[in-house]
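In the numbering used here, the protein residues as written are 24 to 251.
#1: I believe residue 134 touches residue 36 by the beta-carbon criterion, under 8 Å. Please report the beta-carbon distance rounded to the nearest angstrom.
#2: If you drop the 5 nearest sequence neighbours on each side, which residues of the same chain put their C-beta closer than 7 Å to that of residue 127?
#3: Put residue 111 into one of helix, strand or coil per three-state DSSP.
#4: Pull up the CB-CB distance for residue 155 and residue 138, whole angstroms please, since I reckon it's below 8 Å.
#5: Could you give the distance in angstroms between the alpha-carbon of residue 177 and the alpha-carbon of residue 234?
#6: Put residue 43 into one of helix, strand or coil per three-state DSSP.
#7: Residue 233 by DSSP, collapsed to three states: which one?
#8: Does the beta-carbon of residue 78 have 16 or more other beta-carbons within 10 angstroms, so that it is buried, or is it exposed?
#9: Quick check: the Cα distance between residue 90 and residue 104, rounded to an integer number of angstroms?
#10: Does the distance from the C-beta atom of residue 82 to that of residue 242 stay below 9 Å?
#11: DSSP has residue 55 in a bridge; who is on the other side?
#12: Quick check on this structure: which residue in 148, 74, 168, 119 has the alpha carbon closest to the alpha carbon of residue 97?
#13: Quick check: the Cα distance between residue 244 and residue 166, rounded to an integer number of angstroms?
#14: Please report the distance separating the alpha-carbon of residue 239 from that of residue 170.
#15: Find the nearest neighbour of residue 106 within the set 231, 201, 199, 153, judged by alpha-carbon distance.
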């Protein structure tokens, strides 16, 4: 793949890349890889991080996106950069489609599932932080003597499975699904979904006729479009 430039966002668990090839952007997620970073170092146009940045990364600090550069109103300086970027990108999409009149609720389903409210005026209005799927499952196996790490990633169709592993899989998923349903109901706002675990959540929410929009790469899309 020949690329002119790229964006990198360093997450808590994975690295998120956006590569420009001619007029098209291609997105991919990888585990932290110092060799890949070296290979693409000269192509990196913009970058940001919420996860650990390798000490020898040689990433240009002048190309790092900062919270104060994101044009959302009342945005606290302590908020996670990924939350801010995803919220801005979702708000821009909602505004261009005239879907922002009631405000929007953004869910970034990654290591942490973050919920962020943005008002119709583009103001930050609070949110919630919830352990993501993998974090819930690892917490159960790490903190419980008789629960082993799950090997499957497939969510069982049964609401109440018999096997322990399937119960862990279903329970962790149901926790996120229930949190999203309740948050969307309370906020009375359309829900915008992004992140690594967003697709399966989107499918289940859509089947329940929830007002939901799925754009898995909101963080990278924001990095590409933001002026900084």
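We treat Cβ as the ideally placed atom computed from N, Cα and C, and that holds for glycine. Only a predicted model underlies this, so the values are computations on that prediction, with no experimental measurement involved.
Per the coordinate set shown:
#1: 5 Å
#2: 113, 114, 117, 141, 212, 213, 215
#3: helix
#4: Incorrect: roughly 12 Å between the Cβ atoms, too far for contact.
#5: Taking the straight line joining both Cα atoms gives about 25 Å.
#6: strand
#7: In the structure shown, residue 233 sits in coil (DSSP, three-state: anything other than H, G, I, E or B).
#8: exposed
#9: 6 Å
#10: no
#11: Answer is none; residue 55 lacks a bridge partner.
#12: Nearest C-alpha to residue 97: 148.
#13: Between residue 244 and residue 166, the C-alpha separation is close to 37 Å.
#14: Residue 239 and residue 170 have their C-alpha atoms spaced approximately 31 Å apart.
#15: 153
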